[in-house]
Amino acid sequence: MRLQNKVAIVTGAGAGIGQATAEVFGEEGAKVLVADVDGKTAEETARKIQNKGGTARFLQADISKEDEARRIADTAAEAFGGVHILVNNAAVFVLKGFDATVEDWQRSLGVNVIGTSMVTKYAVEHMKKSGGGAIVNLASISSFVAQPNFFAYSATKAAILQLTRNMAMDLAPFNIRVNCVCPGTILTAASRRHMESVGMTFEQFNDEEGAKTFLKRVGQPREVAYPILFLASEEASYITGTSLMIDGGYTAQ
Ligand SMILES: NC(=O)c1ccc[n+]([C@@H]2O[C@H](COP(=O)([O-])OP(=O)(O)OC[C@H]3O[C@@H](n4cnc5c(N)ncnc54)[C@H](O)[C@@H]3O)[C@@H](O)[C@H]2O)c1
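Counting in our numbering, the sequence shown runs from 7 upward without gaps.
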């Protein structure tokens, strides 16, 4: 088991990529704090991990509120005796261009950028006491390529890419590695909501989004969770400050 005796926090772990990551971490022996603004789904993820013999706790918390971001870090440390791994996965999808209002921008930046920074700030305090750690941020293909009417979301994901580099530089002296993964289109609650909003079936969505990739299909949450596991594990001990595309070839053409 690759994460035996490690304590991991996964934000937004009630659904999608975060849920798959928390489950894979549980299977690999980590003690997982499952944090989500939706307490019900967080509880379900924690129960799934426990039912498979893993160790997990859930916490209802909104990462965009500083006191709740701090509570995520402190709860993991108190429950499991330290923090070694943080996966900054929670995000909102404000898929808008010039139609984005100031409130839309504030929400998008507040959760995706400021919330991520706040959880990291407080988790790092515990990682330092544990002698080091690994952080994996969720960036996106949207950090690199333009997509129509994506200003508010893409700006936050480009920020995550640069935050990853800056954090990696500042945290290296503390033996904390920081990397990000950049998924393409992955089949999650978020992409299902998008499908519904544009009136597409899964088949239509898979054909249209899949056509933009070499592999001719969208990805599954576990196909992102395993690369996150790798970056969080000791196998990636000389990797920091970098980004890993998980996009079926989307950005390679
Ligand atoms: N699905 C994709 O195609 C895709 C592609 C590229 C990048 N990503 C990134 O992967 C991550 C996960 O995406 P997903 O598709 O699994 O999303 P999702 O919407 O399916 O799940 C996100 C989870 O985050 C939680 N969340 C939202 N705001 C929160 C807050 N303020 N505090 C705590 N929890 C909060 C939600 O309740 C939800 O459970 C995001 O960072 C996203 O930007 C996703």
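All C-beta atoms, glycine included, are put in the ideal place defined by N, C-alpha and C.
Note that the coordinates shown come from a computational prediction; the quantities given were computed from them, not determined experimentally.
Extent of the continuous alpha helix (DSSP H) to which residue i belongs
i: Phe211; result: 208-216
i: Lys54; result: 45-57
i: Leu235; result: 227-238
i: Val30; result: 22-33
i: Ile192; result: Taken as a continuous stretch (DSSP letters only), Ile192 belongs to no alpha helix (DSSP H), as it is neither H nor E.
i: Thr219; result: Element bounds for Thr219: n/a, residue is neither H nor E.
i: Thr17; result: Run containing Thr17: none in the alpha helix (DSSP H); it sits in the beta strand (DSSP E), 13-17.
Secondary structure of residue i, DSSP reduced to three states
i: Ser249; result: strand
i: Gln112; result: helix
i: Leu169; result: helix
i: Gln66; result: strand
i: Val119; result: helix
i: Val151; result: coil
i: Asp105; result: coil
i: Val204; result: coil
CA-to-CA distance, residue j to residue i, given in whole angstroms
i: Pro233; j: Ala83; result: 25 Å
i: Thr191; j: Leu177; result: 30 Å
i: Ala36; j: Asp105; result: 42 Å
i: Thr107; j: Ile15; result: 32 Å
i: Val98; j: Gly32; result: 25 Å
i: Gly216; j: Asn185; result: 26 Å
i: Ile252; j: Ala85; result: 32 Å
i: Arg1; j: Leu193; result: An answer regarding residue 1 cannot be provided, because it is not within the stretch 7 to 259 covered by the chain.
i: Arg63; j: Ala242; result: 26 Å
Distance cut-off 7 Å: residue i Cβ against heavy atoms of ligand 2
i: Gly20; result: Among the ligands modelled here, namely ligand 1, ligand 2 does not occur.
Sufficient close CB pairs (3 or more, under 8 Å) joining the stretch 195-212 to the stretch 102-114 | no
So does the stretch 129-137 actually touch the stretch 146-155, counting three or more Cβ pairs closer than 8 Å?
-> The stretch 129-137 vs the stretch 146-155: no contact.
Sufficient close CB pairs (3 or more, under 8 Å) joining the stretch 36-52 to the stretch 9-27 = yes
Okay, do the stretch 232-250 and the stretch 163-179 touch, 3+ Cβ pairs below 8 Å being the bar?
-> yes
Does the stretch 49-58 come within contact of the stretch 72-83, defined as at least 3 CB pairs closer than 8 Å?
-> no
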